[in-house]
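Participant:
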Amino acid sequence: MSSEASVSPMPSAAPASSLSSAAPPSFASSEQTTRPAPAEPAGGGPAPAPRRRTAWADGLDELRAAATTEPGRLRVIGAVLALLVLVFGAVAAWEVADRAAAADDVVGRSQPLSADAARIYRSLADADTTAAGGFLAGGEESRATRDRYAQDLATAAGLLVKASSGTRGSDRADAQIAALSKALPRYAGLVETARTNNRQGLPLGGAYLRYANDQMRRELLPAARALYDAENDRLAADYAAAKAWPWLALAAGLLAVGALGWAQRRDYRRTNRVFNRGLLAATAACLAALVWLVAGHALARSGLSDSYERGTRSLRVLHEARIDALQARGDENLTLVARGAVLTGDQKDFYEAGFRTGMADLVGAGRKGNAAGGSRLGKALALADDEAGRRPVRDALRHVRQWQARHAEARAADEKGAYEQALAKVIGGDRPTRESFDRVDAELQRALAHEQQEFRSAADGGRAALGGLAAGAAVLAVLGAVGAVLGIGRRLSEYR
Amino acid sequence: MLNLRAALAPVAAGIGVMAAAAAVLVPTLGGHAFDDGPAWHKAPPPVRGTSQTRPAEERCTAQNAAQSLRPSADDGPAVDRIKEKGQLVVGVDQNTYRWGYRDPGTGKLQGFDIDLARAIARDILGPDAKVVFHAVPTNQRIPALQKRSVDMVVRTMTINCARKEKVAFSTAYFQGGQQVLAPRKSPVTAFDDSLRGKRVCTAAGSTGEAELTKQRHGATVLTVPNQLDCLVRLQLGRADAVVTDNALAAAQAAQDPTVELKGRPFTDEPYGVAMNKADTDLVRRVNKVLDDYRGGGAADSPWMQAYRKWLRADLPRIYGPPSPEYSD
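As you go down the protein sequences, you meet chains Z and S in turn. Using numbering that gives the first Met the number 0, read the first sequence as starting at 0 and increasing by one per residue. Using numbering that gives the first Met the number 0, read the second sequence as starting at 0 and increasing by one per residue.
1. For residue 107/S, which three-state DSSP category applies?
2. Relative to the C-alpha of residue 239/Z, which residue among 300/Z, 405/Z and 149/Z is closest?
3. Which same chain residues end up closer than 7 Å to residue 259/Z when comparing Cβ atoms and leaving out the 5 residues on each side of it in sequence?
4. Does any C-beta atom of chain S lie closer than 9 Å to the C-beta of residue 424/Z?
5. Rounding to the nearest angstrom, what Cα-Cα distance links residue 259/S and residue 229/Z in this structure?
6. Would you identify the three-state DSSP class for residue 43/Z, choosing helix, strand or coil?
7. Could you please give the first and the last residue of the uninterrupted beta strand (DSSP E) stretch that includes residue 173/S?
8. Measuring straight from C-alpha to C-alpha, what distance separates residue 244/Z and residue 353/Z?
9. List the residues of chain S that residue 242/Z touches, going by C-beta distances under 9 Å, in chain order.
10. Measuring alpha carbon to alpha carbon, tell me which residue in 343/Z, 322/Z, 303/Z and 380/Z is nearest residue 110/Z.
11. Report the residue from 312/S, 290/S and 313/S whose alpha carbon sits nearest the alpha carbon of residue 376/S.
12. In chain order, what residues of the same chain lie with their CB nearer than 6 Å to the CB of residue 45/Z, ignoring the 5 residues before and after it?
13. Taking 9 Å as the threshold (C-beta atoms), are residue 189/S and residue 263/S in contact?
14. In this structure, how does DSSP classify residue 13/S when only helix, strand and coil are distinguished?
15. Any beta carbon from chain Z within less than 9 Å of residue 112/S's own beta carbon?
16. With DSSP run on the structure shown, which of helix, strand or coil describes residue 158/S?
17. For residue 235/Z, which option in 369/Z, 106/Z, 295/Z and 334/Z has the closest C-alpha, if you only look at C-alpha atoms?
18. At a Cβ cut of 8 Å, what residues of the stretch 129-144 of chain S count as close to chain Z, listed as they run along the chain?
19. Strictly by DSSP, which residues pair up with residue 351/S?
20. By DSSP's criteria, residue 325/S is part of a beta bridge. Which residues make up the other side?
21. Secondary structure at residue 362/Z, three-state DSSP: helix, strand or coil?
22. So which residues on chain Z does residue 95/S lean against when the C-beta distance must stay under 8 Å?
23. Taking the runs of the alpha helix (DSSP H) that are 4 residues or longer, which of them lie wholly in the stretch 263-296 of chain S?
24. If distances are taken between C-alpha atoms only, which option among 290/Z, 213/Z and 135/Z comes closest to residue 87/Z?
25. Would you say residue 207/S faces chain Z, with C-beta separation under 9 Å as the test?
26. List, in chain order, every chain S residue whose beta-carbon is nearer than 7 Å to that of residue 339/Z.
27. Considering only the alpha carbon of each residue, which of 487/Z, 133/Z, 474/Z and 378/Z lies closest to residue 262/Z?
28. Please confirm if residue 346/Z has its CB atom under 9 Å from at least one CB of chain A.
29. Along the chain, which unbroken stretches of the alpha helix (DSSP H) at least 4 residues long are found entirely within the stretch 92-153 of chain S?
30. Apply the 10 Å Cβ neighbour rule to residue 186/S and answer buried if 16 or more other Cβ atoms are within range, or exposed otherwise.
31. Counting Cβ pairs, one atom from each stretch, are 3 or more of them under 8 Å apart for the stretch 76-91 of chain S and the stretch 265-282 of chain S?
32. Any C-beta of chain Z sitting closer than 9 Å to the C-beta of residue 325/S?
33. With distance defined between alpha-carbon atoms, name the residue in 249/Z, 471/Z and 423/Z nearest to residue 332/Z.
34. Residues of chain S with CB under 7 Å from residue 342/Z, in chain order?
35. Just how far apart, CA to CA, sit residue 212/Z and residue 411/Z?
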């Protein structure tokens, strides 16, 4: 029995005096060797020693005195066994409750907060893209576009309030929320100014819209991204906390089982009785608790790992893909708003360059229309672990390729100077890039919904594995302690 | 003043020719379109290398850059090509208020440059001329001409030697120059020490930025991607003044009644119609149209009518077009 090693000091003393009658002298002699020790620091002075004695030392003395007889020893052993079992139960209940709380946090708090942060991020990017689209339509801006823009701002503002109450004093998240709350109304003001100027036919409107976009790009989106990252870090921390093995409880459990084993072996040696029912019941209760602890944790870990592998990672990549698509769409719109007013260092159109970067991040070059491995859609496809997850990603990819083809037509028209034609190709009614973008966005939304569900079911499975474990460990420990006390009590009764 | 201006025009033209021959002291007087021209104009120093020898065609300098070919109504290969197509394809701006921009009501392009392009088309193709406007961004002006995707570019394009190596220019149809724009109530009076301690906005890579690098007048310089962004910064209180072409500054002032142009232009930037370098017959034809368009600076000339319609409100005190200068 492996537990024997952990309690070896005691058994090694016991076999040395295999007969119970021989035991007292051996204990007495050991007592004599330790006795002088507390007296020595007194430095030879006769008087101070008694005054120094504490309650603890008195208790020890009483214990030693009690241990000189077998019933006394049995009482000590019973008390220690009950204590070890109860400590095991308490530590197990505490550690398990801790992990169950972390697992609940993953599902009930940090993942929703991370999802909310992703929604803030997306709403902002969507607002910017929608504002540019509405701007291009000018006086013919549709009610739907206006509503969508207003809805995006309302969603972002509402979620910011929610996030600030849910962050529980995380400095990183708080700082980003404050920055976003400050910048959002300013951004909205710039967009309205752009709109007003545009309706009056002043090219100044375009300049305002570009400025609003610049603010979005340089302040709002980075802050939203940082908030998303902070929430994701917390999610990862909750995952780690939920998945940590309860080492203390496991050690306490092994110690309790070991001690129970030793007590039974000692009992057998002295009485030749194979079973002590009380101690046996206590051992069974402890082993049951230990097995439950290990199995429950293993199950919870695998469920949570699954939810991370299958859900969280996919969700993250898909969220990023959606933002990429939105930004590429925003750049496409702004190319027509700016009309070549902003150039990159090498004299390329700034927004067209942004569109290309966005597309490279989203799908990359990839052979035969496939997404490049390192691109967002490539990663999302690799992470999706079932057909239901892969289908929307593949559909999104197909629409991205269509979007790129249509975009090329729009650019060709614009570069030729046929602005109206380019405009129609981007926001018009006949196979415009708007349609392709909307489809990409919808497919990514579908993929996100699927992965969210995958996450939820795996995480719930993991969480369920910890269900009742804390209470169960506590109950089993109490039963075990009772068993140990009863078992020792039975032996004690033989001395009356 | 108008009479003085009209009287000056032919003299200035003559001086322009002389300038070509001997790079004289006031080489670009022909470009002065303002009533008190020489007072504000800082003439660049004559280029020594060309002062004694005959420079003419072989060497382009800041002084003779605005010279073009003598006007002629004769058809050549380029004009024939346009007539064959039955349409004139013109590269224009669609972002510059009053010069080339879209009417929000109709979505059609209009402005000073657009009117001029229509006049050229009418001369070549007749009264019902078909003009196709292509909105070309700044960086596409020269490539569009070289690829012949447009026949000409009429887009507040400054004539200079670097560009003349790649494309051909007509005579100047507007005398532009860097100028200061500021709120009406601002203490800023011109491109001078009244700018001290002010935040001055200009477009990155523009002539304005180059001038501010040479002489900041104690101002802090803020650069933005496009000159119109400066008006946004001005309205948002992030800049106190703007330095840009007077034509573009006027376009800004037209969009905000609380700002105005201050002082006088302090550089010399003639605008011309740009064409493919090989299309010499088209250049002569456009110069002929421009001659008619200027109408000698008469009050009822098409030029003055267009000026009054588009520019006078924000670019006052111009009494006539710049005089043409020729290199042959």
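We put the beta carbon where it would ideally sit given N, CA and C, even for glycine.
Facilitator: In short, the structure shows the following:
1. DSSP places residue 107/S in coil when its eight states are reduced to three.
2. When the alpha-carbon of residue 239/Z is set against those of 300/Z, 405/Z and 149/Z, the nearest one is in 300/Z.
3. Cβ neighbours of residue 259/Z beyond the five flanking positions: 80, 278, 281, 282, 285 and 483.
4. So no, residue 424/Z is outside the interface.
5. C-alpha separation (whole angstroms): 48 Å.
6. With a pLDDT of 44 at residue 43/Z, under the threshold of 50, the modelled position of this residue cannot be trusted, and the question is left open.
7. 166-175 is the span of the beta strand (DSSP E), which, as asked, contains residue 173/S.
8. One C-alpha to the other measures close to 47 Å.
9. None at all; the shortest Cβ gap to chain S is about 49 Å.
10. If we check each option's Cα against that of residue 110/Z, 303/Z comes out closest.
11. No answer is possible for residue 376/S: the residues shown for chain S start at 0 and end at 327.
12. Confidence at residue 45/Z is low in this model, with a pLDDT of 49, below 50, so its placement is unreliable and the value that follows should be read with caution. Within its own chain, no residue has a Cβ closer than 6 Å to the Cβ of residue 45/Z once the five positions on either side in sequence are excluded.
13. Using a Cβ distance threshold of 9 Å, residue 263/S and residue 189/S count as a contacting pair.
14. Its pLDDT being 46, under 50, residue 13/S is placed unreliably in this model, and the value from its coordinates should be taken loosely. The DSSP-derived three-state label of residue 13/S is helix.
15. Taking Cβ atoms only, chain Z never reaches closer than 9 Å to residue 112/S, which makes this a no.
16. Note: residue 158/S maps to coil in three-state DSSP.
17. Relative to the Cα of residue 235/Z, the nearest Cα in the group 369/Z, 106/Z, 295/Z and 334/Z belongs to 106/Z.
18. Within the stretch 129-144 of chain S, the residues whose Cβ lies closer than 8 Å to any Cβ of chain Z are, in chain order, 131, 132, 133, 134, 135, 136, 137, 138, 139 and 143.
19. No information on residue 351/S is available, as it lies outside the stretch 0 to 327 that chain S covers here.
20. DSSP links residue 325/S through a beta bridge to 67/S.
21. In the structure shown, residue 362/Z sits in coil (DSSP, three-state: anything other than H, G, I, E or B).
22. Simply 202.
23. Counting whole runs of 4 or more residues, the stretch 263-296 of chain S contains the alpha helix (DSSP H) stretches 279-293.
24. Measuring C-alpha to C-alpha distances from residue 87/Z to each of 290/Z, 213/Z and 135/Z identifies 290/Z as the nearest.
25. So no, residue 207/S is outside the interface.
26. Those are 136, 137, 138 and 139, listed as they occur along chain S.
27. Distances from the CA of residue 262/Z to each of 487/Z, 133/Z, 474/Z and 378/Z were compared; the closest alpha carbon is that of 487/Z.
28. No chain A appears in this structure, whose protein chains are Z and S.
29. With a minimum length of 4 residues, the continuous alpha helix (DSSP H) runs that stay inside the stretch 92-153 of chain S are 111-124 and 140-145.
30. By the 10 Å Cβ count, residue 186/S comes out exposed.
31. They touch, by the three-pair rule.
32. Chain Z, which has no Cβ nearer than 9 Å to the Cβ of residue 325/S, makes this no.
33. When the alpha-carbon of residue 332/Z is set against those of 249/Z, 471/Z and 423/Z, the nearest one is in 423/Z.
34. Identification of chain S residues near residue 342/Z by a Cβ-Cβ cut-off of 7 Å yields 138, ordered along the chain.
35. If I take the Cα positions, the gap works out to 24 Å.
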